[in-house]
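Numbered by UniProt numbering, the letters in the sequence shown go through residues 1 to 171 in order.
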Amino acid sequence: MSLQGAARHWEDPSVIAINKRKPHVPLRSFTAPSQAFEHFALRSEASPSPRVLSLNGNDWHFQLFDRPEAVPAGFGGAGFDASSWPQVTVPTNWECQGFGRPQYTNFVYPFPVNPPFVPEDNPTGCYQLQFSAPAEAGGHRLCNPCCCVNQLVGSGSDCGRPTVLCLGDAS
C-alpha cells in the first residue's frame with residue numbers, strides 16, 4: 001500500500017491494524033547461552049543481544065502536520081530529505097517535546113465527533129531515521145514499526161500498546 005493516495009484507513013472502523021504483529025512477551029534472542037545469562041544477570045538493556053537493534057534515541061527527524069493530506073508527497077520514499085526537520089527523542093509523545101498540545105479529557109471530546117469520519121484537522125506526525133541493519137542480522141527477519149521505501153508496512157490504531165511490524169511483510 002502506497003503512502004500517497006492511500007485510502008483513509010483510519011476512518012474505517014473495521015481496520016484496527018494493518019500487518020500488526022500479535023502482542024507477545026518481550027522475548028530476547030541470543031547467539032549463546034552465556035550472553036543470555038549475562039544479560040539477565042545484569043537486568044539491563046545496556047547489554048542486549050546482538051540480534052536486537054534498538055532504534056530508541058534522539059536521532060529521529062520529526063515534523064508535525066495539521067492533517068495527513070499535508071504530509072509532503074515524497075515522504076517515506078528513497079531520497080526524501082528530512083534533515084532540516086527538528087530532531088526528537090523516541091519513544092515519547094510529540095506533545096511532550098513541544099509539538100502540538102496535549103488533549104487530556106475524561107468528559108468531553110476535544111474534537112467534533114462524526115463516526116467514522118476523522119476531522120480534517122487531524123495532527124499527523126512524521127518520523128524519519130536512517131539506519132543500517134547490523135551484519136549479524138543476516139538471514140533473520142527485521143521487525144519494527146515503519147514505512148519502507150514509500151510503502152506502508154503497517155499501522156496500529158491502539159495507542160495503549162506498542163505496534164510491532166516486520167519489514168519482511170512489506171515485500
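Cβ coordinates follow ideal geometry from the N, Cα and C atoms, glycine included.
Whole-Å CB distance - Asn56 paired with Val108, under 8 Å assumed: That belief does not hold up - the Cβ atoms of Asn56 and Val108 are roughly 34 Å apart, past 8 Å.
Reduced DSSP category for Gln35 - H, G, I as helix; E, B as strand; rest coil: In the structure shown, Gln35 sits in a helix (DSSP, three-state: H, G or I).
Taking 8 Å as the threshold, find out whether the stretch 30–39 comes into contact with the stretch 61–81 through three or more Cβ pairs. With a cut-off of 8 Å, the stretch 61–81 and the stretch 30–39 do not count as touching, because too few Cβ pairs lie within range.
Integer Cβ distance of His24 from Gln128, believed to fall under 8 Å: Going by Cβ atoms, the distance from His24 to Gln128 rounds to 27 Å, so no, they are not a contact pair.
Among Gln130, Ser54, Pro115, which residue has its Cα nearest to the Cα of Gly77? Out of Gln130, Ser54, Pro115, Gln130 has the C-alpha closest to the C-alpha of Gly77.
Alpha carbon to alpha carbon, what distance is there between His39 and Thr124? If I take the Cα positions, the gap works out to 37 Å.
8 Å Cβ cutoff, Pro116 in contact with chain E: No chain E appears in the structure shown, which is made up of a single protein chain.
With burial defined as no fewer than 16 other Cβ atoms inside 10 Å of the residue's Cβ, what is the status of Val88: buried or exposed? In the assembly as shown, Val88 is a buried residue. Its beta-carbon has 16 or more other beta-carbons within 10 Å.
Looking at the structure shown, is Phe40 part of a helix, part of a strand, or coil, going by DSSP? Helix.
Rounded C-alpha distance that separates Phe75 from Ala41: Their Cα atoms are separated by approximately 43 Å.
What is the DSSP secondary structure of Ala73, reduced to helix, strand or coil? If DSSP states are grouped into helix, strand and coil, Ala73 belongs with coil.
Since I believe Glu95 is in contact with Pro86 (beta carbons under 8 Å), could you give me their beta-carbon distance rounded to a whole number of angstroms? So it is not a contact: roughly 14 Å between Cβ atoms.
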